[in-house]
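K.L.:
Residue numbers (the working numbering): 2 to 538. A virtual CB, placed ideally from N, CA and C, is assigned to each residue, including glycine. Bear in mind the structure is a predicted one, so any value in this text is a computation, not a measurement. Dropping the structure in here first, questions after.
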């Protein structure tokens, strides 16, 4: 469908025409058009009659060209950097300056020799009385921090932490955080001001201050115990105001900060319990707060949680039981997340001193979630039940292996194997082989299909696993190729062939032996299976 120029959002007729050309061209032709456009603009920028408007339009077109070319095609835009710096310096409007700064941030590296030329423009805009100009300069520091700019802006940045504008204060905090990556010494004189901003009346400023405070702790410029004390006090103060939905974000970030600053105290947990009690009935709009509270609880010992619950006259799981009655996935997932975050002995009735929180029908409802259509709910339920009683999951696994649970047991079996094996890659590989044997049965090798879901799931799981897990898993799987007594169906062979292409360096077996084992087995499989293996190779 053709879009007229007036509705296209294009900056100019030239921009509109270029986009139309690219949309109708082949990838190769599009690259040629874009590279030719870059050369044309390079010539235009050399004209002495160039206006600021033309300069701005040219820079935007150059960025469009650089971002639209196909991967692997390089577009050198450094020739336009002097024009971008000049536009940031002398631009008459905020839009002019924004274009100049944006181009520099996208094209100029932090160590580029022209960074020093940009410093003067940034300093002037920081010292301006106009908030938009100050914000533009701060955005540039945040997006493209450079060590060279620090001496010229450090003093002014310090003053901007107390600026009247929320937008300026928030950006100044983020700018300090970004510049500290280049030189952590810039943080030495701002610890006290950063703490003051934690108590700011504006949630956006508080969120920025939390980010900077975390950096101060890492740099050992703010003691952890002092940081935690400040956060606990701030949590109480913020919670006492009962934030409205528009202010949820700052409360979520604050709860997260308390949870990551060390183990929450009993007093923190009591506040969390009040928060959970207040927000759970509000439904989906408050799930982020409830989720973050339970994530923080998961770091605490059972004794600490029990003490907090005893003084409050209720329990964390008691306050979220209502979620289990919902029929929508988000609420059910939230409930299972809450269960998994609290030590099972506090709610499952596994300890004689502590009664079970859930009624019989609620336990049955939880067990029913093992058959949920939602994969995330199933896996979270498996993790939770594994913590309660491993025999429950093992029994479920045995039934799944026998095909008693569903018409398509493979996804469920792989999920269970992932939970049972935990961080042990070797155990996962053994479970995978057992699952494939159970699914494929005793059908002759040349009659078995390749189970594409299993191939995809395993390759994704190996790719996302850490180095130790991946190495252990691949080691066991590759051993199958050289073990003449080990049966390998076509699905496992396709998996092994793909792994040989990507992770051969992790193999404990020599490449020659692996190839010999692969060649020995090829004749056992159907033509389609052999074709898949050869194509992967």
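Go ahead and pull the three-state DSSP assignment for residue 374.
P.N.:
Here residue 374 sits in coil by DSSP.
K.L.:
What does a CB cutoff of less than 7 angstroms around residue 263 pick up in its chain, not counting 5 residues either side in sequence?
P.N.:
Result list for residue 263: 225 and 229, in chain order.
K.L.:
Quick one: Cα of residue 398 to Cα of residue 363, how far?
P.N.:
Approximately 22 angstroms, taken between the alpha carbons.
K.L.:
When DSSP labels each residue in this structure, what does residue 183 get in the three-state scheme?
P.N.:
Correct three-state label for residue 183: coil.
K.L.:
Which class does residue 456 belong to by DSSP, given the choice of helix, strand or coil?
P.N.:
In this structure, residue 456 counts as helix in the three-state DSSP scheme.
K.L.:
Tell me the DSSP secondary structure of residue 403 in three-state form.
P.N.:
Correct three-state label for residue 403: coil.
K.L.:
On the CB-based measure, 16 or more other CB atoms within 10 Å of its CB, does residue 102 come out buried or exposed?
P.N.:
Under this definition residue 102 is a buried residue.
K.L.:
Run the CB neighbour count on residue 356, radius 10 Å, all protein chains shown included, and call it buried at 16 or more, exposed below.
P.N.:
Label assigned to residue 356: exposed.
K.L.:
Buried or exposed: residue 2, going by 16 or more other Cβ atoms within 10 Å of its Cβ?
P.N.:
Note on residue 2: pLDDT 42, under 50, position unreliable in the model; no value is reported.
K.L.:
What residues in its chain sit with their C-beta under 7 angstroms from that of residue 250, if we drop five residues either side in the sequence?
P.N.:
Around residue 250: 204 and 208.
K.L.:
So, is residue 461 buried or exposed, given that buried needs 16 or more other C-beta atoms within 10 angstroms?
P.N.:
Flag for residue 461 reads exposed.
K.L.:
Tell me whether the beta-carbon of residue 122 lies closer than 8 angstroms to the beta-carbon of residue 86.
P.N.:
Yes. Within cutoff.
K.L.:
Which value, in whole angstroms, describes the spacing of the CA atoms of residue 271 and residue 187?
P.N.:
Cα to Cα, residue 271 sits roughly 37 angstroms from residue 187.
K.L.:
Going along the chain, which residues of its own chain have a beta-carbon closer than 6 angstroms to the beta-carbon of residue 507, five neighbours each way excluded?
P.N.:
If we look at residue 507 and ignore the five residues flanking it on each side, its Cβ neighbours are 472 and 475.
K.L.:
Sort 57, 177, 481 and 61 by Cα distance to residue 154 and report the nearest one.
P.N.:
Per the Cα distances, 177.
K.L.:
Report the CB separation of residue 137 from residue 95 in whole angstroms; it is logged as a contact under 8 angstroms.
P.N.:
Confirmed, about 7 angstroms.
K.L.:
So what does DSSP say about residue 51, is it helix, strand or coil?
P.N.:
In this structure, residue 51 counts as coil in the three-state DSSP scheme.
K.L.:
Since residue 259 and residue 269 should fall inside the 8 angstroms C-beta cutoff, what is the C-beta to C-beta distance between them, to a whole number of angstroms?
P.N.:
About 6 angstroms separates the two Cβ atoms, so the contact holds.
K.L.:
Within the continuous alpha helix (DSSP H) that includes residue 250, where are the two ends?
P.N.:
Here the alpha helix (DSSP H) through residue 250 covers 249-261.
K.L.:
Near residue 192, which residues of its chain fall below 6 angstroms by C-beta distance, leaving aside the five closest residues on each side in sequence?
P.N.:
Hits under 6 angstroms: 217, 222 and 223.
K.L.:
Hey, is the segment 441-456 in contact with the segment 386-396, meaning 3+ C-beta pairs nearer than 8 angstroms?
P.N.:
Result no; under three Cβ-Cβ pairs closer than 8 angstroms.
K.L.:
In the DSSP assignment, find the unbroken alpha helix (DSSP H) run with residue 470 in it and report its ends.
P.N.:
Here the alpha helix (DSSP H) through residue 470 covers 468-483.
K.L.:
Is the Cβ-Cβ distance between residue 412 and residue 404 less than 8 angstroms?
P.N.:
Result no, Cβ atoms of residue 412 and residue 404 do not sit closer than 8 angstroms.
K.L.:
Quick check: is the beta carbon of residue 272 nearer than 8 angstroms to any beta carbon in chain C?
P.N.:
This model lacks chain C altogether; it includes just one protein chain.
K.L.:
How close, in whole Å, do the beta carbons of residue 195 and residue 214 come, if the pair is a contact with beta carbons under 8 angstroms?
P.N.:
Indeed, because the Cβ distance is near 6 angstroms, the residues count as touching under 8 angstroms.
K.L.:
Between 20, 179 and 119, which has its C-alpha nearest residue 69's C-alpha?
P.N.:
The shortest Cα separation from residue 69 among 20, 179 and 119 belongs to 20.
K.L.:
How long is the line joining the alpha carbons of residue 455 and residue 514, rounded to whole angstroms?
P.N.:
Roughly 25 angstroms between the two C-alpha positions.
K.L.:
Since residue 142 is in the alpha helix (DSSP H), which residue starts that stretch and which ends it?
P.N.:
132-144 is the span of the alpha helix (DSSP H), which, as asked, contains residue 142.
K.L.:
For residue 358, which of helix, strand or coil comes out of DSSP?
P.N.:
In this structure, residue 358 counts as coil in the three-state DSSP scheme.
K.L.:
Can you tell me whether residue 112 is helix, strand or coil according to DSSP?
P.N.:
Residue 112 falls in the coil class under three-state DSSP.
K.L.:
How would you call residue 314, buried or exposed, if buried means at least 16 neighbouring beta carbons within 10 angstroms?
P.N.:
It is exposed - the Cβ of residue 314 has fewer than 16 other Cβ atoms within 10 Å.
K.L.:
How would you label residue 40, buried or exposed, when you count the other beta carbons within 10 angstroms and need 16 or more for buried?
P.N.:
Residue 40 is exposed by the Cβ-count criterion.
K.L.:
So, under 8 angstroms CB-CB, residue 281 and residue 255 are touching, yes? Tell me the CB distance rounded to an integer number of Å.
P.N.:
About 18 angstroms; that fails the 8 angstroms criterion.
K.L.:
Roughly how many whole angstroms lie between the Cα atoms of residue 139 and residue 88?
P.N.:
When rounded, the distance between both Cα atoms is 17 angstroms.
K.L.:
Indicate the three-state DSSP secondary structure (helix, strand or coil) for residue 10 in the structure shown.
P.N.:
In this structure, residue 10 counts as coil in the three-state DSSP scheme.
K.L.:
Tell me where the alpha helix (DSSP H) around residue 87 begins and ends.
P.N.:
Note, residue 87: alpha helix (DSSP H), 82-91.
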